Structures are given as C-alpha cells and as structure tokens.
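Trainee: Reading the sequence shown from the start, the letters are residues 3 to 96 in the numbering used here. Ideal Cβ positions, reconstructed from N, Cα and C, are used throughout, including at glycine. The structure presented is a predicted model; accordingly, all values stated were derived computationally and were not measured. Take this structure, written in structure tokens, and hold onto it; I'll ask about it next.
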Amino acid sequence: MASVDVFDVEELATKVMPNVSGCMIDKEKLVRDQAFKAVELSVKKLENHAATMPETAINENSDTLSLPVLAGQATLVNSAAGAAGALAGWAISS
3 MASVDVFDVE ELATKVMPNV SGCMIDKEKL VRDQAFKAVE LSVKKLENHA ATMPETAINE
63 NSDTLSLPVL AGQATLVNSA AGAAGALAGW AISS
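Right under this line is the structure:
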C-alpha cells in the first residue's frame, strides 16, 4: 500500500492487483485485511484515472473501429465476428 504511487495505472491493473488478490484468501486474517485495503486503494486510483479517460476509443475522423491488438495476436480484426473470435481465443488460451 505504501508503494501504490510508484506503479503506473497499467501496471497496477495488470500486475499488482492480480498478485495481491491471492492474498485476499490467506489463512492469516491480518494478511487478508491488508490485501483488501491494498485492493481498495488500488481501485480508487484506477477509478480516478478512468474518470480522466475519454468516453470512447472511436476516432471521430474515421469510419472504422480501432480495436486493440491482443497479446500474441498479429492479425487485424475486420469484423465484429472476428473480434469476438479473437477475444474468445484469448480467453481460452489464458
């Protein structure tokens, strides 16, 4: 909790919180309590950052939707069905 300001929001969401969440079911109550406090602090930081983000990632100058490339996904997704397939493939592989 003391080092939450050291991490940027991407690291906080993708690396710190997944690792801390395992401590939320620790056998020691003190560890569980601290894990819940750390997650709460992290969520507040992420909520504050999310409030500053734009409503949508759609570029208003373009008619196409720009989808993020998933890890290990080198192909371009051109349709909603392709996007759903890419996400399903990612979920299964994870």
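(1) Quick one: measure Cβ to Cβ for Met19 and Ser44, integer angstroms, because I've assumed they're closer than 8 Å.
(2) Determine the direct distance from the alpha carbon of Lys46 to that of Ala52, and round the result to whole angstroms.
(3) Would you mind sorting Leu32 into buried or exposed? The rule is 16 or more other CB atoms within 10 Å of its CB.
(4) Which of the three DSSP states is assigned to Thr58 in this structure?
(5) Measure the CB-CB distance between Val22 and Val41 and report whether it falls below 8 Å.
Mentor: Looking at the atomic coordinates:
(1) Indexing the sequence shown from 1 puts residue 19 at position 17. Indexing the sequence shown from 1 puts residue 44 at position 42. Yes, Met19 and Ser44 are in contact; Cβ-Cβ is about 5 Å, under 8 Å.
(2) The residue you call residue 52 lines up with position 50 of the sequence shown. The residue you call residue 46 lines up with position 44 of the sequence shown. Each residue's Cα considered, the two are about 10 Å apart.
(3) Translated into the one-based positions of the sequence shown, residue 32 becomes position 30. Leu32 comes out exposed.
(4) Taking the sequence shown and counting its residues from 1, one reaches residue 58 at position 56. Coil.
(5) Counting from 1 along the sequence shown, the entry for residue 22 is found at position 20. Counting from 1 along the sequence shown, the entry for residue 41 is found at position 39. Cβ atoms of Val22 and Val41: closer than 8 Å.
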